[in-house]
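Asker: There's a structure below that I have some questions on.
Residue numbers (this note's numbering): 9 to 140.
In structure tokens:
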């Protein structure tokens, strides 16, 4: 390939990338469509919610603890996140695909006893944990 053709090819490849980057900088990541509000997320119909708190044996909230799941189903459903963290009040919430799970809360120094949850699409399951 000649040098002129290589330059033209590089320009054809780079131009859309530069235009896209310019639009992202100019408009941010807001929608440029004028079709009205976005449709609701399909996740809400295909996932259930596991929520609850993590506390010490004396009832103090456990902040920043890892909430971890292991699927008990075979085959295991795909899970979008590897874990979630508890907030300032020890509360957590996790959207999971339907199935059976073993769930634990771990700080690295303390761990809860595992609990089993059956997640159903559109249903909220509450599991509270005490770390020892």
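Idealized CB from N, CA, C, for every residue including glycine.
In three-state terms, what does DSSP make of residue 115?
Answerer: Locating residue 115 in the chain shown gives position 107, where the first residue counts as 1. In the structure shown, residue 115 sits in coil (DSSP, three-state: anything other than H, G, I, E or B).
Asker: Which residues in the same chain have their Cβ closer than 7 Å to the Cβ of residue 125, if we skip the five residues on either side of it in sequence?
Answerer: Here residue 125 refers to the residue found at position 117 of the chain shown. Closer than 7 Å at Cβ, skipping near neighbours: 58, 109, 111, 133, 135.
Asker: With DSSP collapsed to three states, give me the class of residue 61.
Answerer: Stepping through the chain shown from its first residue, residue 61 is reached at position 53. Note: residue 61 maps to strand in three-state DSSP.
Asker: Write down the C-beta distance between residue 129 and residue 106 rounded to the nearest angstrom, noting that I regard them as a contact closer than 8 Å.
Answerer: For this step, residue 129 is matched to residue 121 along the chain shown. For this step, residue 106 is matched to residue 98 along the chain shown. Going by Cβ atoms, the distance from residue 129 to residue 106 rounds to 5 Å, so yes, they are a contact pair.
Asker: In whole angstroms, what is the alpha-carbon distance linking residue 70 and residue 104?
Answerer: Sequence index remark: in the chain shown, residue 70 carries index 62 (1-based). Sequence index remark: in the chain shown, residue 104 carries index 96 (1-based). The alpha-carbon atoms of residue 70 and residue 104 are separated by roughly 22 Å.
Asker: Three-state secondary structure (DSSP) at residue 134?
Answerer: On the chain shown, residue 134 is found 126 positions in, with the first residue counted as 1. Strand at residue 134.
Asker: Is the beta carbon of residue 120 sitting closer than 8 Å to the one on residue 74?
Answerer: Within the chain shown, residue 120 is the residue found at index 112, counting from 1. Within the chain shown, residue 74 is the residue found at index 66, counting from 1. Cβ distance not < 8 Å, so residue 120 and residue 74 don't count as in contact.
Asker: Mind checking whether residue 139 and residue 64 have CB atoms under 8 Å apart?
Answerer: One-based indexing of the chain shown puts residue 139 at position 131. One-based indexing of the chain shown puts residue 64 at position 56. Yes, these two residues count as a Cβ contact at 8 Å.
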